[in-house]
Amino acid sequence: MTLTLNHFLVIGALLFGFGLLAVVTRRNAVAVLMGIELILNAANLNLVAFGRYVGGGVTGQVFSLFVIVLAAAEAAVGLAIILAIYQMLRNIDASQATTLKE
Amino acid sequence: MQTQFAIFIFLAAATLVGAAGVALSLNIFWSAMGLLSCLVGVGGMYVLLSADFIAITQVLVYIGGVLVLIIFAVMLTSHIQDINVSNRSMGLAGGFVVFWVVATLLCFVALWTPWKLTPQLPAEATTVAIGNGLLGKWLLPFEIASVVLIATMIGAIVIARKEVKPD
Numbered sequence: 033m034t035l036t037l038n039h040f041l042v043i044g045a046l047l048f049g050f051g052l053l054a055v056v057t058r059r060n061a062v063a064v065l066m067g068i069e070l071i072l073n074a075a076n077l078n079l080v081a082f083g084r085y086v087g088g089g090v091t092g093q094v095f096s097l098f099v100i101v102l103a104a105a106e107a108a109v110g111l112a113i114i115l116a117i118y119q120m121l122r123n124i125d126a127s128q129a130t131t132l133k134e
Numbered sequence: 020m021q022t023q024f025a026i027f028i029f030l031a032a033a034t035l036v037g038a039a040g041v042a043l044s045l046n047i048f049w050s051a052m053g054l055l056s057c058l059v060g061v062g063g064m065y066v067l068l069s070a071d072f073i074a075i076t077q078v079l080v081y082i083g084g085v086l087v088l089i090i091f092a093v094m095l096t097s098h099i100q101d102i103n104v105s106n107r108s109m110g111l112a113g114g115f116v117v118f119w120v121v122a123t124l125l126c127f128v129a130l131w132t133p134w135k136l137t138p139q140l141p142a143e144a145t146t147v148a149i150g151n152g153l154l155g156k157w158l159l160p161f162e163i164a165s166v167v168l169i170a171t172m173i174g175a176i177v178i179a180r181k182e183v184k185p186d
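Chains U and L are the protein sequences, given in the same order.
Sequential numbering of the first sequence, starting at 33, is according to my numbering.
Sequential numbering of the second sequence, starting at 20, is according to my numbering.
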């Protein structure tokens, strides 16, 4: 059996589904952030797979590079916010962080 | 071809088991380990797609940077021992409904669309092409990404520092 585009697209779809599952079911803010990372990885996998099988060239790879950079930035800011919430509330339950200020 | 497919199956299993662990494990530290397995699997798939530079970037940035950051946050914020806290917000049933609807819809679209496939070129190193692209055709997004990174760095430092209360 040879590898086709469909294999990678199915993996990407399942990865996206698991990421969404983590985002909607988890209450721990760090776990929600991990779910977002899964979703971004699924998008990246699709970009690279389409670049390999449909588009040709490196356009898909360059854009997945930008997605990786922005995911790193998002993780840094998100974790900083989570640490700030933890210092204020002493937990990181996403459903309890309902105020903008102390 | 057969070995390639076997490697793909192995990587897919690592990716999906890791992703399921992230979504379902009640212990947040095991979720982080699941994320590690998932990121390694996706990196291997980049290699199978002959995207060598992206695979290395995945290992360097995601596993070396983002995952370490997440594990730091886990260590700093949660007491790993007490995992008896209820950790669900929407309930697993609702979550699984969302999961099945989205995953089946995306698989259906992916499998039933007649993609215009291009003939497979032999795999070659992509680093030169990506470097030329970043300093040529995609120079503006590249520069904007660096501005975003600086803003992110400053913002993260400002947000996460201990606030000194004037009194």
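By construction, the Cβ of each residue, glycine as well, lies at the ideal position given by its N, Cα and C atoms.
Q93 of chain U: first and last residue of the uninterrupted alpha helix (DSSP H) it sits in: Position 61 of the first sequence, counted from the first residue, corresponds to residue 93 of chain U. Membership of Q93 of chain U in the alpha helix (DSSP H) is indicated by the continuous run T91 to L121.
Exposure label - A51 of chain L; buried when at least 16 CB within 10 Å: For the purposes of this step, residue 51 of chain L is taken as the residue at position 32 of the second sequence. Buried.
Where the alpha helix (DSSP H) through I189 of chain L begins and ends: Outside the shown range of chain L (20 to 186) lies residue 189 of chain L, about which nothing can therefore be said.
Distance between beta carbons of G37 of chain L and G60 of chain L, contact taken as under 8 Å: Walking along the second sequence from the start, residue 60 of chain L turns up at place 41. Walking along the second sequence from the start, residue 37 of chain L turns up at place 18. With a Cβ gap of about 6 Å, G60 of chain L and G37 of chain L count as contacting.
Buried versus exposed, by CB contacts within 10 Å (16 or more), F18 of chain L: Here chain L covers residues 20 to 186 and nothing more, so residue 18 of chain L does not appear.
Nonlocal neighbours in the same chain, by C-beta distance under 6 Å from A61 of chain U, ignoring five residues either side: The residue labelled residue 61 of chain U in the question sits at position 29 within the first sequence. Same-chain partners within the cutoff: I114, I124 and A126.
Neighbour flag for L55 of chain L against chain U, beta carbons, 8 Å: Residue mapping note: residue 55 of chain L aligns to position 36 of the second sequence, counting from 1. So, not an interface residue.
Within-8 Å CB hit, Q128 of chain U to chain L: Translated into positions along the first sequence, residue 128 of chain U becomes position 96. No, Q128 of chain U lies away from the interface with chain L (no Cβ there is under 8 Å from its Cβ).
Under the three-state DSSP convention, the category R84 of chain U falls into: Sequence index remark: in the first sequence, residue 84 of chain U carries index 52 (1-based). In the three-state scheme derived from DSSP, where H, G and I count as helix and E and B as strand, R84 of chain U is classed as helix.
Contact check, A54 of chain U vs V41 of chain L, beta carbons under 8 Å: The residue labelled residue 54 of chain U in the question sits at position 22 within the first sequence. The residue labelled residue 41 of chain L in the question sits at position 22 within the second sequence. Contact flag set, yes.
Whole-angstrom C-beta distance between I47 of chain L and L111 of chain U, which should lie under 8 Å: Along the first sequence, read from residue 1 onward, the residue named residue 111 of chain U stands at position 79. Along the second sequence, read from residue 1 onward, the residue named residue 47 of chain L stands at position 28. With a beta-carbon spacing of about 13 Å, L111 of chain U and I47 of chain L fall beyond the 8 Å limit used to define contacts.
W157 of chain L: contacting residues in chain U (beta-carbon distance under 7 Å): As a first step, residue 157 of chain L is located in the second sequence; it is residue number 138 there, counting from the start. Those are V94, listed as they occur along chain U.
Range of the contiguous alpha helix (DSSP H) that encloses Q139 of chain L: Your numbering for residue 139 of chain L matches position 120 in the second sequence. That residue, Q139 of chain L, is in no alpha helix (DSSP H); it is neither H nor E in DSSP.
G44 of chain U vs I68 of chain U beta-carbon contact at 8 Å: Residue mapping note: residue 44 of chain U aligns to position 12 of the first sequence, counting from 1. Residue mapping note: residue 68 of chain U aligns to position 36 of the first sequence, counting from 1. No, the Cβ-Cβ distance between G44 of chain U and I68 of chain U is not below 8 Å.
contact_flag[the region 79-99 of chain U, the region 133-151 of chain L] where n(CB pairs < 8 Å) is 3 or more: yes
Proximity of Y65 of chain L and A74 of chain L at Cβ, strictly below 8 Å: Residue numbering aside, residue 65 of chain L sits at position 46 when the second sequence is read from its first letter. Residue numbering aside, residue 74 of chain L sits at position 55 when the second sequence is read from its first letter. Cβ distance < 8 Å, so Y65 of chain L and A74 of chain L count as in contact.
Selection from U:A75, U:E106, U:H39 and U:V109 that minimises the alpha carbon distance to Q93 of chain U: By 1-based counting over the first sequence, the position of residue 93 of chain U is 61. Of U:A75, U:E106, U:H39 and U:V109, the residue nearest in Cα terms is U:A75.
L154 of chain L at chain U interface by Cβ criterion, 8 Å: Numbered from its first residue, the second sequence carries residue 154 of chain L at position 135. Not an interface residue.
Uninterrupted alpha helix (DSSP H) stretches inside the region 139-173 of chain L (no shorter than 4 residues): You should have 146-153.
Chain L contact residues for L121 of chain U, given Cβ-Cβ distances below 9 Å: Position 89 of the first sequence, counted from the first residue, corresponds to residue 121 of chain U. Those do not exist, as L121 of chain U stays about 10 Å from chain L at its closest Cβ, beyond 9 Å.
Beta bridge counterpart(s) of D125 of chain U as assigned by DSSP: Taking the first residue of the first sequence as 1, we reach residue 125 of chain U at position 93. According to DSSP, D125 of chain U bridges with U:N60.
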